[in-house]
Amino acid sequence: MGNADFECPHPVAIPPTKPFLKSLTSGLKETLFPDDPFRQFKNQSASRKFILGLQYFVPILEWAPRYTFAFFRADVIAGITIASLAVPQGISYANLANLPPIIGLYSSFVPPLVYAILGSSRDLAVGTVAVASLLISSMLGRRLGFIVDFLSHATIVGFMGGAATVVCLQQLKGILGLIHFTHRTDLVSVMRSIFSQTHQWRWESGALGCCFLFFLILTRHYSKRKPCFFWINAMAPLTSVVLGSVLVYLTHAEKHGVQVIGHLKKGLNPPSISELAFGSPHLMTAIKTGIIIGVIALAEGVAVGRSFAMFKNYHIDGNKEMIAFGMMNIAGSCTSCYLTSGPFSRTAVNFNAGCKTAVSNIVMATAVMITLLFLTPLFHYTPLVVLSSIIIAAMLGLIDYEAAIHLWKVDKFDFVVCISAYIGVVIGSVEIGLVIAVIISLLRMLLFVARPRTFLLGNIPNSMIYRSVDQYPTANNVPRVLILQIDAPIYFANANYLRERISRWIYEEEDRIKSTGEPTLQYVILDMSAIGSIDTSGISMLEEVNKNTDRRAGTGKPTK
């Protein structure tokens, strides 16, 4: 490559400037509606737009006309299967949230009906989730609304694992038959509470809990090895509840330290809209807690729904899911329910049971309704230790050590974020773990913005391709030319750093040339193909770099 190559510029005409309003509208559309959800309404008549609008906001109207009896038969089987999981899980997770057990059953009745009408997932099984239950228990009264938008994948992996560990530790209360237990979730407080009450440990409760925990883990392991027997794992929690209740009833174990649920009120959800107190001094606390828990529940539910949608090759609309999740929880808050989402375990069972549409949620809700109307007295003798075993067995699946190992192999910084979230939750609390992980994530984001990567490019032998000399040691430096690539947008936050870094590259290249006796550096080329945007500070920086290189080069004008 000779000098003449750099003296033959190829001018490109300056593109016409867009009107400000058009540019603003286009930018907002790309930001808020990247998938263009309203494209289906283009070039349609008013009546057709009305029908499409109804189908968009009420998806059941779109697929119901194509519903068949074969679909119904599959949905009934799936709905009954997940109902067998929903009943014990609902009671267990309500207990985890320090709520009356009946609230868990209420929450598995109304929200699934609403989601079946408004949701876009065919496989998502709606119900209570352990993480949201834990958050409701531990975060009410905290001020954590500011961390809503900063939950990365690594943060969620660490947070979920830490939350699962904390939940398991909390369930030692039920396993050991303790009555008085700490409300704090950190490891030290839980261990202190356990070992300060060794005289109150009940061996009967511990033995019963260990037996059922072993049974639940064994059935899950068997179902994983033999997917055709998925129903064994699905039926295991209900089987545990039935066997535990019968055992307590026959042996009168409640008189020997085994705690039971006790009376559960019969009947459907009582209205709770009159309990909404917008003038309460706790309103702001409830709003902040609701925001953070709602975002986590929505993120979990949509992620679960999309993961199963990929198996059936259909698309889940995130906007519809936000509407569905919002409306089902609004309806739930007016009917004595607490937060619901799409738990992975229940959705996996629904998927494996062969569900075809969201009608499986309606079948499940119907089964829960029958339970509320007629079967709640049967849970009187259900031992709390069985509920603790069900929760622990479910939580063990949330400790994703394989994802943590993958983070270590791919990105060490993400691994640090993950471990920080985990340790923060386990050693400190749920909120401390989240805050620590978010702070580290923010610091990383600021480093990416303020310290963008720059590369020295070289020519790959026998080609016209240029790559980083660090990644491709065989790439050759071009004589008299320094080619640099900037791998990020240029903003005021990184303009000064880039100016200094470019100057350093030039100094280092000149020193290398002096030591090797190569021809003098004449040109500096900045590859800005990876730069998506640049602000006025960035433009000023480039102008300053241009002037500095002109002064250093004398008559040799750098090309950019």
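Taken in order, the sequence shown gives residues 52 to 611; the numbers are from the working numbering. Every residue gets a Cβ at the ideal spot worked out from N, C-alpha and C, and that includes glycine. Keep in mind that this is a model prediction, so the values were computed, not measured.
Whole-angstrom Cβ separation of residue i and residue j, contact assumed at under 8 Å?
i, j, result
"residue 121", "residue 411", "With a Cβ gap of about 14 Å, residue 121 and residue 411 do not count as contacting."
"residue 110", "residue 371", "6 Å"
"residue 400", "residue 136", "6 Å"
"residue 291", "residue 468", "That belief does not hold up - the Cβ atoms of residue 291 and residue 468 are roughly 36 Å apart, past 8 Å."
"residue 108", "residue 516", "With a Cβ gap of about 51 Å, residue 108 and residue 516 do not count as contacting."
"residue 238", "residue 477", "5 Å"
"residue 112", "residue 105", "6 Å"
"residue 143", "residue 442", "5 Å"
"residue 583", "residue 546", "Their Cβ separation, rounded to whole angstroms, is 15 Å, which puts residue 583 and residue 546 out of contact at 8 Å."
"residue 241", "residue 233", "6 Å"
"residue 446", "residue 219", "5 Å"
Answer yes or no: do residue i and residue j have a C-beta to C-beta separation smaller than 8 Å?
i, j, result
"residue 212", "residue 255", "no"
"residue 472", "residue 485", "yes"
"residue 455", "residue 208", "yes"
"residue 394", "residue 180", "yes"
"residue 435", "residue 311", "yes"
"residue 236", "residue 221", "yes"
"residue 518", "residue 508", "yes"
"residue 599", "residue 554", "yes"
"residue 594", "residue 550", "no"
"residue 398", "residue 359", "yes"
"residue 427", "residue 317", "yes"
"residue 439", "residue 225", "yes"
"residue 141", "residue 170", "no"
"residue 163", "residue 416", "yes"
"residue 352", "residue 376", "yes"
"residue 444", "residue 334", "no"
"residue 430", "residue 264", "no"
"residue 621", "residue 542", "The requested residue 621 does not occur in the structure, where the chain is confined to residues 52 to 611."
Among the options, which one has its Cα closest to the Cα of residue i?
i, options, result
"residue 342", "390, 526 and 105", "390"
"residue 215", "273, 271, 147 and 156", "147"
"residue 366", "173, 551 and 422", "173"
"residue 124", "249, 150, 597 and 409", "409"
"residue 392", "427, 403 and 348", "348"
"residue 369", "507, 259, 498 and 350", "350"
"residue 304", "338, 331 and 257", "257"
"residue 313", "480, 593 and 152", "152"
"residue 480", "442, 398 and 210", "210"
"residue 406", "588, 126, 513 and 335", "126"
"residue 38", "145, 115 and 154", "Summary: the structure shown does not reach residue 38, with the chain confined to residues 52 through 611, and so no result is reported for it."
"residue 294", "279, 268, 269 and 262", "262"
"residue 128", "404, 585, 344 and 269", "404"
"residue 576", "557, 72 and 73", "557"
"residue 511", "487, 499 and 525", "525"
"residue 39", "544, 488 and 483", "Residue 39 is absent from the structure shown; the chain starts at 52 and stops at 611."
"residue 204", "75, 514, 402 and 457", "457"
"residue 269", "602, 448 and 603", "448"
"residue 424", "68, 95, 67 and 160", "160"
"residue 361", "402, 513 and 466", "402"
Name, in chain order, the residues that DSSP records as bridge partners for residue i.
i, result
"residue 601", "According to DSSP, which records beta bridges pairwise, residue 601 is partnered with nothing at all."
"residue 178", "392"
"residue 518", "509"
"residue 432", "Residue 432 pairs with nothing; no bridge assigned."
"residue 284", "Per DSSP, none; premise fails for residue 284."
"residue 528", "In the DSSP output, where bridge partners are listed per residue, residue 528 has none listed."
"residue 311", "434"
"residue 223", "Residue 223 is not bridged to any residue."
"residue 575", "533"
"residue 541", "585"
Say yes only if the C-beta of residue i is nearer than 7 Å to one or more non-hydrogen atoms of the ligand ATP, and no if none qualify.
i, result
"residue 420", "With respect to the ligand ATP, the structure shown offers nothing to examine, as it has no ligands at all."
**OP:** Examine the Cβ distances between the stretch 307-324 and the stretch 377-395 and report whether three or more of them are shorter than 8 Å.
**Re:** yes
Original post:
With a cut-off of 8 Å, do at least 3 Cβ pairs link the stretch 292-301 to the stretch 117-135?
Top reply: no
Subject >> Cβ contact (3+ pairs, closer than 8 Å) linking the stretch 502-509 and the stretch 531-543 >> reply: yes
**OP:** Determine, using beta-carbon pairs with one atom in the stretch 457-472 and one in the stretch 216-234, whether at least three such pairs fall under 8 Å.
**Re:** no
Original post:
On the three-pair Cβ rule with 8 Å, is the stretch 373-381 touching the stretch 418-432?
Top reply: no
Original post:
Counting Cβ pairs closer than 8 Å, one from the stretch 257-275 and one from the stretch 283-293, do we hit at least three?
Top reply: yes
Subject >> Segment contact, 8 Å Cβ cut-off, at least three pairs: the stretch 522-531 with the stretch 560-574 >> reply: yes
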